[in-house]
Amino acid sequence: MSEVLHPWRRPICQVLVPVYLTVIFGAPLAIIEASWSLVGNPWARGLLVLIAPLAYAFMFCILAGVLSLPHRKGVVAGKFPRDVRHPVYFHRRMHGLCWTSLYYFKPVYYLCLTIPTLKRATFRLFGYRGSLDFTAYPDTWIRDLPLLSIGKGVYLSNRATIGTNIATRNGSIVVSGITIDDGALIGHLSMLAPGVHVGKQAEIGVGCGVGLQVELGDRAYIGPCCAIDSGASFLEESSVGAMSYVGKRTVVGAGVSVPSGALLPSRQKITPETDLEQYVSSATVKKLKPKDLEQSSV
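Going by my numbering, the sequence shown opens with residue 244, and the numbers climb by one from there.
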């Protein structure tokens with residue numbers, strides 16, 4: 244798309260936002276109210292009362308998804324100014340409005356995640372093309388569905404952040420897809436940055452921060468409360484203990500087990516022959532209790 248900023252997009256956005264919200268929130272109510280007026284039979288009205296919550300949720304999800312369709316073109320990887328005058332950010336803003344109106348309406352979003360047919364219809368309308376056989380919670384943060392690839396059997400814990408975008412202080416936004424392969428597990432309160440790839444049956448523990456473009460191989464394990472800097476890589480069946488730091492572009496080799504409390508510098512290649520004790524902070528280890536080292540990710 245063109246990088247030219249068009250001033251006319253700002254007033255269009257200001258008009259479309261209340262219009263979209265009115266349609267998404269109000270149209271289902273209007274349809275149910277009209278149905279109530281048309282139905283005179285008491286039994287039929289009683290049935291309408293029973294099905295009204297599900298009908299409202301279904302219409303809400305479908306309307307939000309349909310309104311997002313013209314703006315899917317703005318959900319692309321790249322770096323863009325956070326300015327609705329920009330063609331990409333304008334459509335991204337409107338697509339995000341449709342999604343967040345659903346995401347933050349928790350009763351409806353809960354029903355969306357709970358009813359398989361509704362989940363399939365909604366996620367497909369918002370551009371998601373991955374497996375739908377994954378677990379997520381109403382407070383698991385996801386957005387930019389066209390940029391997500393989530394495998395079968397993936398578990399996204401509550402309050403985990405699958406962050407496909409990062410806002411920078413210079414007024415731009417960095418967007419990239421996230422791939423989570425079959426059987427992987429993302430722990431409670433963990434945060435994944437744009438461009439992360441989590442391999443099959445890999446696990447990211449509770450409270451971890453995973454930076455840009457990090458790669459986790461199949462069955463890799465990141466312990467609780469770890470900080471993984473941008474560009475780091477973990478090959479198959481490698482592991483990192485609790486409260487460790489892994490620097491930028493550091494590579495942890497296949498099968499390597501990094502102890503808890505380690506501080507791995509940037510741009511290192513960690514192999515089975517590496518003396519890992521030199522990277523372990525004794526002060527950090529002393530603070531760790533045995534139960535911390537064995538903490539589950541869920």
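Backbone N, C-alpha and C fix where the C-beta goes; we use that ideal spot for every residue, glycine too. Just so you know, these numbers come straight off a predicted model, no measurement behind them.
Report yes if the CB atom of residue i is closer than 8 Å to the CB atom of residue j, and no otherwise.
i    : j    : result
P437 : R315 : no
V495 : V501 : yes
I275 : A295 : yes
V397 : I421 : no
Q444 : G430 : no
E458 : S476 : yes
L356 : A379 : yes
S473 : G452 : no
E479 : A505 : no
L428 : L368 : no
A463 : G442 : yes
L375 : R402 : no
V351 : F303 : yes
I513 : V523 : no
E409 : V417 : Note that residue 409 is Ile in the sequence shown, not Glu. Against a cut-off of 8 Å, the Cβ pair of V417 and I409 comes out as a contact.
V449 : G370 : no
Should residue i go down as buried or exposed, given a rule of 16 or more other Cβ atoms within 10 Å for buried?
i    : result
W286 : exposed
V292 : exposed
E446 : buried
P467 : buried
A270 : exposed
M337 : buried
S419 : buried
R386 : buried
L435 : buried
H213 : Because residue 213 is not part of the residues shown, which for the chain are 244 to 541, the question remains open.
Y353 : exposed
N413 : exposed
S503 : buried
L507 : buried
S245 : Note that S245 scores a pLDDT of 48, beneath 50, so its modelled location is shaky and nothing firm can be said.
S540 : Caution applies to S540, whose pLDDT of 43 falls short of 50 and renders its modelled position unreliable; the value that the coordinates give is listed next. So S540 ends up on the buried side.
S400 : buried
T407 : buried
L310 : buried
S509 : exposed
T265 : exposed
Consult DSSP for residue i and reduce its assignment to one of helix, strand or coil.
i    : result
K316 : helix
Y347 : coil
S473 : coil
Q521 : helix
M486 : coil
S400 : coil
S245 : Caution applies to S245, whose pLDDT of 48 falls short of 50 and renders its modelled position unreliable; the value that the coordinates give is listed next. Coil, per DSSP.
A436 : coil
G269 : helix
S539 : The predicted model places S539 with a pLDDT of 44, which falls under 50 and marks its position as unreliable, so this point remains unresolved.
S392 : strand
G339 : helix
A505 : strand
L428 : strand
K362 : helix
I423 : strand
I255 : helix
L459 : strand
Y464 : strand
V262 : helix
T357 : helix
V331 : helix
Between residue i and chain C, is the shortest Cβ-Cβ distance under 8 Å, so that the two count as touching?
i    : result
T411 : Protein chains in the displayed structure number just one, and chain C is not present.
Is residue i near the ligand PLP, judged by its Cβ being under 7 Å from some heavy atom?
i    : result
I513 : The ligand PLP is not among the ligands present in this structure, which contains no ligands whatsoever.
Please confirm if the stretch 392 to 411 is in contact with the stretch 361 to 369, defined as three or more CB-CB distances below 8 Å between the two stretches. Flag = no, the stretch 392 to 411 and the stretch 361 to 369 do not touch.
Could you say if the stretch 330 to 341 and the stretch 250 to 270 meet the contact criterion of at least three C-beta pairs nearer than 8 Å? The count of Cβ pairs closer than 8 Å, one atom from the stretch 330 to 341 and one from the stretch 250 to 270, reaches three, so the stretches are in contact.
Pick out the complete beta strand (DSSP E) segments inside the stretch 273 to 329, 3 residues or longer, and give them in chain order. 321 to 324
Meets three-Cβ-pair contact criterion under 8 Å: the stretch 321 to 328 and the stretch 341 to 352: no
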